[in-house]
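Accompanying notes for the structure given below.
Below, the structure is given as structure tokens:
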């Protein structure tokens, strides 16, 4: 029994160890309303003109994207966003992890750790716009407060993750696409609103982690 417990502890430590590779996370580019397929003209411009240039000098060695899922209607535009980057860098796109409920939460983390064992290059994840929050919180198990500080996820946002922590949240700054419109003011949450949101997210994250650990400790019999 002691050996089994030690083996489980070692597995748990290995599964939660942070990697040194920087992970960049973006959503698909702009998509039409009413669930129409494809990217908008602005989205096409972002995907084909801006993003390949943006990641050209980021030493990307692996690109991960979720595949299109007809049943859950997710990830229809991720490949259209990721493909121009992949073509420019000469890299394949790993689509083995879905963004639907049937995919294991550890799938993306598993891909990043497997890659990190043999490479120090950085990783780019292109995910469904409506699933980025779940990717950051559940799949990558991150504290998303820094992402909340910029009022959530937007089409132009790049989230930079280093050793399982969000180090930077910034705009892609695509020419003629990103930036403040004339006569607009930046919206922000009050300190009290930020604290309340942070507390709720931390409680939800703690609950998910406890449930996950409880499931992991249900070891099969000899």
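In mature numbering (1 follows the signal peptide of the UniProt record, and there is no 0), the protein residues as written are -18 to -1, 1 to 204.
Beta carbons are placed, not taken as given, at the ideal position from N, Cα and C, and that holds for glycine.
Residue 142 to residue 116 span [Cα, whole Å]
16 Å
I need the straight-line Cα distance from residue 29 to residue 145, nearest angstrom please.
Between residue 29 and residue 145, the alpha-carbon positions lie close to 27 Å from each other.
Taking just the CA atoms, how far does residue 18 sit from residue 113?
18 Å
Residue 96 versus residue 68: straight-line alpha-carbon distance, rounded:
In a straight line, the C-alpha of residue 96 is about 20 Å away from that of residue 68.
Enumerated in chain order, which unbroken segments of the beta strand (DSSP E) with a length of 3 residues or greater are wholly contained in the region 61 to 145?
104 to 109 and 139 to 144
Taking the straight line between their C-alpha atoms, what separation do you get for residue 147 and residue 124?
Those two C-alpha atoms are separated by around 6 Å.
Closer than 8 Å is the cut-off here; do at least three beta carbon pairs connect the region 26 to 41 with the region 74 to 93?
no
For the alpha helix (DSSP H) that residue 16 lies in, which residues bound it at each end?
Looking at the DSSP string, residue 16 is not in any alpha helix (DSSP H), and its letter there is neither H nor E.
Of all the options 37, 77 and 149, which has the alpha carbon lying nearest to the alpha carbon of residue 155?
37
Considering Cα atoms alone, identify which of 73, 1 and 109 is closest to residue 41.
73
Bounding residues of the alpha helix (DSSP H) (the contiguous stretch that carries residue 33)
33 to 36
Assuming residue 110 and residue 48 make a contact with CB atoms under 8 Å, what is their CB distance in whole Å?
Confirmed, about 6 Å.
From the DSSP output, in three-state form, read off residue 43 for me.
Strand at residue 43.
Close-in-space but distant-in-sequence residues of the same chain around residue 7 (CB under 6 Å, 5 per side omitted):
Taken in chain order, the residues that qualify are 107 and 141.
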